[in-house]
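*Asks:* There's a structure below that I have some questions on.
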Amino acid sequence: MGNWQGIDLKHSIEHRVDEATGQKVYRCPDAPADLWQAQDFELNSIYSILAKTRARIGGHKFLGTKIVPSAESKLAPYYQWSTFNQVYDNTQLLAHAILRHTLYSEVMDVEGLGPGEESKESLIPGGGPLKVLGITSVNCEEWVTTDLASNLLGITSVPLYETLGTTMMALILGQTEMSTIFGSDKSLLNVLALGQSEGERPRDLRYLKNLVVFGEASAQLTKLCRSYHINLIRYNFILEEAKQEKALSESWQEIDHKALKRENIFTISYTSGTENNPKGAMLTNENFLCAIQSILKVAGDFPFSEDDVYISYLPLAHVFDRLGVYGSMTMGAAVGFFGGNVLKIIDDLQLLRPSIFPSVPRLLNKVYDRIQAGLAQQSATKQWLFQKGIAAKQYYLEQTGTVEHYRYDTILFNKVKQRLGGNVRIMITASAPIADNVLAFLKCTFCCPIVEAYGQTESCGASFSTKLFDNRTGHVGGPGLGVEFMLRDVSELGYTKDSKPYPQGEVLLRGPSIFAGYFKNPALTAQTKDKDGWLYTGDVGQLILPGGSLKIIDRIKNIFKLSQGEYIVSEKLERVYEQSQYVAQVFIHGDSFRNHIVAIVFPEYTTLKTRLNSQGIEVPETLAEMLQQYKDQVYKLIEQDMDQLAVANRFNSLEKVKTNFRVVDREFEIGTILTPTMKLRRHQAKEYFADLIEDIYANSPESKTQV
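The UniProt record's numbering puts the first residue of the sequence shown at 1, with every later residue one more than the last.
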């Protein structure tokens, strides 16, 4: 339950009543009579942002790469920076190289637009065909440069997650008829994994002609490309080639970005695929421009400046981090890329010392657990002092929204802040809800505001965000200036405009940041976006009055009914149970043929080991051995801790896992049962753990089959 007392903030206002549905439509209090359109910003494309910022502060650092010198050099790691001028020049050179070598494919059959959508002529430069190229790599300067160069040429970029499985990779390559992919050696090898062995090219790679590799190509990649008759091109080579051409040719000219149109498709962003196969959301220049400017306007009370540094480590293939990078580009802020290993992100943070730190709830939950586990190892006096400091800061947070406290920050929390580099001024969390107590705790310990954002790929990321010094938790704030929303009654689940104490329903979004449609999938587009332009999010929201903030309370497809007829919200339970000091990840499952829920748990090895050691048990060095030798003790600790959390959160008996769980010794894997942004893919998780789920039900005294 969030805190709803204190600062009087206005997040949304009633704008009108929708004639078709009779539902109230809400907008940002600062929204003009018409929602903000991209033409308000004198920009026509993502590339135009780079051009505008470069004209203003061309010599300012923009993109930073972590350099780790050889051990022999005895030099410390450092960040190497490219200025806005250098990035601008490189995008021009790369654009010329792309044209010279025809590093894109042309797709003639472009479908996906729902009723009432823009014409093909407006979405595609010149009316078609659609030109596409792929990008797959860990976040790096070359990734962003390729994305910007393709935008300059009116070519639609198609990011490919590094963690895509072969089935999804094949679907995307086939659907987009992709002939060229830019990427790192490792990521390109993942693409070629669609082939089973050397020799004849597999059908899934039938369109592929060119691979452009960032850095050096491995012998394995070179050999496979030769075997499949695919051109292997070095990124640095074509960039240098274009540079020489520019120096020697009197007719060389910059490519003018002014001919680009806001309505053109900037990117096809394949959704995370939490339910079925990924869907290609067509996002236009206007979608991104409106999303970026709307967010920056709403966050206008935060003094962003050219001195800010944003750390890019969440997948660039996802809209969230691209908004972060291009939002930073708009402000003139610098963007530093992490070293490539998220497990060493603390090292990157301490070296880069960013001021803007994006994250997702699953990572923040891990941070919270680690702090709590570390605190448990301190003396009683230090624990008492820490809790006293947290209590004092949370009091001021609830009263005023203040996240700083001179006394306790000086003696306690500045040390914690140093773990993030010491300069973080703002954190942003998105992609899933975060528990209220975790959010408030981290605001206090890191001494900075944490903005919670909400949106979807189809709405070009963050459509809602909390205000900077909001003292309330448990909501996602109000809409940006480029989107309006209403709540659709979901009567079968009991969510309606007449719900008490506040209106509830499925969140519907509309505005210039809403996607054009799903690529080559007009039927699904029509299901997701109606003829009036309303996007059906599938999320259930509650409008908190009188301030008008939105609270996401359910996901329609994450709700299941037990045999008793009781509805269970799996994601809500998972958020609570993952707060256990012994639980790293949990998957909650149930269905209408069963009378209780079950859980699959991946445990926190370190905290379990510490606890068992305190009981005089010498714990093995691996989780698998621990579970084999001390299974009963591990299960008892997890059961007791989850039960305490269930009681503290006032769960009813059907929401309690009790003994109906199994512990696994392998972390939930991205690409298998997690999306790249670490959301659960429930259907895949159900299939993956099918045997364990059946074993729990078969051995549970509570189980009974509904006839």
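Quick reminder that beta carbons are idealized off the backbone N, C-alpha and C, glycines included.
Model, not experiment: these values are computed from the prediction.
Near I693, which residues of its chain fall below 8 angstroms by C-beta distance, leaving aside the five closest residues on each side in sequence?
*Replies:* The count along the sequence shown starts at 1 and reaches residue 693 at position 693. Once the five neighbours on either side are set aside, the close Cβ partners of I693 are H589, V598, I600, K686.
*Asks:* What does the alpha-carbon distance come out to for the pair D185 and L654?
*Replies:* Within the sequence shown, residue 185 is the residue found at index 185, counting from 1. Within the sequence shown, residue 654 is the residue found at index 654, counting from 1. Each residue's Cα considered, the two are about 49 angstroms apart.
*Asks:* Is DSSP giving P546 helix, strand or coil here?
*Replies:* Residue mapping note: residue 546 aligns to position 546 of the sequence shown, counting from 1. Residue state, collapsed to three classes: coil.
*Asks:* Would residue 709 and I673 qualify as a contact pair, given that the criterion is a beta-carbon distance under 7 angstroms?
*Replies:* Here the chain comprises residues numbered 1 to 707, so residue 709 is not present and cannot be evaluated.
*Asks:* So what does DSSP say about residue 770, is it helix, strand or coil?
*Replies:* Nothing can be reported for residue 770: it is not among the residues displayed for the chain, which extend from 1 to 707.
*Asks:* Considering only C-alpha positions, which residue in the set A259, S137, T496 is nearest to G183?
*Replies:* Your numbering for residue 183 matches position 183 in the sequence shown. Residue S137 is the option with its Cα nearest to G183.
*Asks:* According to DSSP, is F182 part of a helix, a strand, or is it coil?
*Replies:* Taking the sequence shown and counting its residues from 1, one reaches residue 182 at position 182. Here F182 sits in strand by DSSP.
*Asks:* Could you tell me whether the segment 517-526 touches the segment 50-63, using the rule of 3 or more Cβ pairs below 8 angstroms?
*Replies:* No, the segment 517-526 is not in contact with the segment 50-63.
*Asks:* Quick one: using the 10 Å Cβ neighbour count with 16 as the cut-off for buried, is residue 711 buried or exposed?
*Replies:* Shown here, the chain extends from 1 to 707; a query on residue 711 therefore has no answer.
*Asks:* Measure the C-alpha to C-alpha separation of R16 and A149 and round it to an integer number of angstroms.
*Replies:* The residue you call residue 16 lines up with position 16 of the sequence shown. The residue you call residue 149 lines up with position 149 of the sequence shown. Going from the Cα of R16 to the Cα of A149 covers about 42 angstroms.
*Asks:* When you compare only the Cα positions, how much space is there between L296 and T410?
*Replies:* As a working mapping, residue 296 is identified with position 296 in the sequence shown. As a working mapping, residue 410 is identified with position 410 in the sequence shown. If I take the Cα positions, the gap works out to 31 angstroms.
*Asks:* Taking the straight line between their C-alpha atoms, what separation do you get for W384 and A373?
*Replies:* Counted from its first residue, the sequence shown places residue 384 at position 384. Counted from its first residue, the sequence shown places residue 373 at position 373. Taking the straight line from one Cα to the other gives about 15 angstroms.
*Asks:* Could you check what DSSP says for T102 in three-state terms: helix, strand or coil?
*Replies:* As a first step, residue 102 is located in the sequence shown; it is residue number 102 there, counting from the start. T102: coil per DSSP, three-state reduction.
*Asks:* For R203, which of N521, Q175, V68 has the nearest alpha-carbon?
*Replies:* Residue 203 sits at position 203 when you count from the first residue of the sequence shown. The shortest Cα separation from R203 among N521, Q175, V68 belongs to Q175.
*Asks:* Confirm, please, whether the CB-CB distance from K66 to G339 is below 7 angstroms.
*Replies:* Here residue 339 is taken as the residue at index 339 of the sequence shown, counted from 1. Here residue 66 is taken as the residue at index 66 of the sequence shown, counted from 1. It is a contact, given that the beta carbons lie within the stated cut-off.
*Asks:* Can you tell me whether L113 is buried or exposed? The criterion is at least 16 other CB atoms within 10 Å of its CB, across all chains shown.
*Replies:* Position 113 of the sequence shown holds residue 113. Confidence in L113 is poor, its pLDDT being 45 and thus under 50, which makes the residue's placement unreliable; the coordinate value appears in the next sentence. Label assigned to L113: buried.
*Asks:* For the ligand GTP, is there a heavy atom less than 6 angstroms away from the beta-carbon of A333?
*Replies:* This structure lacks the ligand GTP, and indeed carries no ligand of any kind.
*Asks:* Decide yes or no for the touch test of the segment 612-632 against the segment 658-667: beta carbon pairs closer than 8 angstroms, at least 3 of them.
*Replies:* They touch, by the three-pair rule.
*Asks:* Considering only residues of the same chain and omitting the five flanking positions on each side of I124, which have a CB-CB separation below 6 angstroms?
*Replies:* As a working note, residue 124 is residue 124 in the sequence shown. Excluding positions up to five away in sequence, the list reads L130.
*Asks:* Just to confirm the assignment, what range does the alpha helix (DSSP H) spanning Y697 have?
*Replies:* Translated into positions along the sequence shown, residue 697 becomes position 697. Here the alpha helix (DSSP H) through Y697 covers 690-699.
*Asks:* Determine the contact status of S580 and M678, defining contact as a CB-CB distance below 7 angstroms.
*Replies:* Residue mapping note: residue 580 aligns to position 580 of the sequence shown, counting from 1. Residue mapping note: residue 678 aligns to position 678 of the sequence shown, counting from 1. No, Cβ-Cβ distance for S580 and M678 is not below 7 angstroms.
*Asks:* Taking 7 angstroms as the cut-off, decide whether the C-beta atoms of G505 and L524 are in contact.
*Replies:* Walking along the sequence shown from the start, residue 505 turns up at place 505. Walking along the sequence shown from the start, residue 524 turns up at place 524. No; because the gap between Cβ atoms is not below 7 angstroms, this pair is not in contact.
*Asks:* Does the distance from the C-beta atom of L35 to that of G455 stay below 7 angstroms?
*Replies:* Within the sequence shown, numbered from 1, the residue matching residue 35 stands at position 35. Within the sequence shown, numbered from 1, the residue matching residue 455 stands at position 455. The answer is no: Cβ separation not under 7 angstroms.
*Asks:* Please classify F320 as buried or exposed, where buried requires at least 16 other C-beta atoms within 10 Å of its C-beta.
*Replies:* Start at 1 with the first residue of the sequence shown, and residue 320 comes out as number 320. Buried, because 16 or more other Cβ atoms sit within 10 Å of the Cβ of F320.
*Asks:* What does the alpha-carbon distance come out to for the pair H11 and T145?
*Replies:* Translated into the one-based positions of the sequence shown, residue 11 becomes position 11. Translated into the one-based positions of the sequence shown, residue 145 becomes position 145. Taking the straight line joining both Cα atoms gives about 36 angstroms.
*Asks:* What is the DSSP secondary structure of W143, reduced to helix, strand or coil?
*Replies:* Position 143 of the sequence shown, counting from 1, holds the residue named residue 143. W143: helix per DSSP, three-state reduction.
*Asks:* Helix, strand or coil: which one does DSSP assign to W384?
*Replies:* For this step, residue 384 is matched to residue 384 along the sequence shown. If DSSP states are grouped into helix, strand and coil, W384 belongs with the helices.
*Asks:* Rounded to the nearest angstrom, what separates L352 and D530 at their Cα positions?
*Replies:* As a position in the sequence shown, residue 352 is number 352, starting the count at 1. As a position in the sequence shown, residue 530 is number 530, starting the count at 1. Rounded to whole angstroms, L352 to D530 spans 45 angstroms at the Cα level.
*Asks:* On the three-state DSSP scale, how would you describe R594?
*Replies:* Within the sequence shown, numbered from 1, the residue matching residue 594 stands at position 594. In the structure shown, R594 sits in coil (DSSP, three-state: anything other than H, G, I, E or B).
*Asks:* Secondary structure at T672, three-state DSSP: helix, strand or coil?
*Replies:* Along the sequence shown, one-based indexing puts residue 672 at 672. Residue state, collapsed to three classes: coil.
*Asks:* Who are the Cβ neighbours of Y396 in its own chain at under 6 angstroms, not counting the five residues just before and after it?
*Replies:* Taking the sequence shown and counting its residues from 1, one reaches residue 396 at position 396. Excluding positions up to five away in sequence, the list reads T402.
*Asks:* Since T83 is in the beta strand (DSSP E), which residue starts that stretch and which ends it?
*Replies:* Translated into the one-based positions of the sequence shown, residue 83 becomes position 83. First-last of the beta strand (DSSP E) with T83: 78-83.
*Asks:* Answer yes or no: do G134 and M168 have a C-beta to C-beta separation smaller than 7 angstroms?
*Replies:* Indexing the sequence shown from 1 puts residue 134 at position 134. Indexing the sequence shown from 1 puts residue 168 at position 168. No.
*Asks:* Using alpha carbons as the reference points, say which of Q23, G22, E19, R27 lies closest to S549.
*Replies:* Numbered from 1 along the sequence shown, position 549 holds the residue referred to as residue 549. The candidate whose alpha carbon is nearest that of S549 is R27.
*Asks:* Suppose contacts are defined by Cβ-Cβ distances below 7 angstroms. Is S359 in contact with R425 by that definition?
*Replies:* Within the sequence shown, the letter at position 359 stands for residue 359. Within the sequence shown, the letter at position 425 stands for residue 425. Contact: no.
*Asks:* The beta strand (DSSP E) that contains Y270, what's its start and end?
*Replies:* Counting from 1 along the sequence shown, the entry for residue 270 is found at position 270. Start and end: 265-270.
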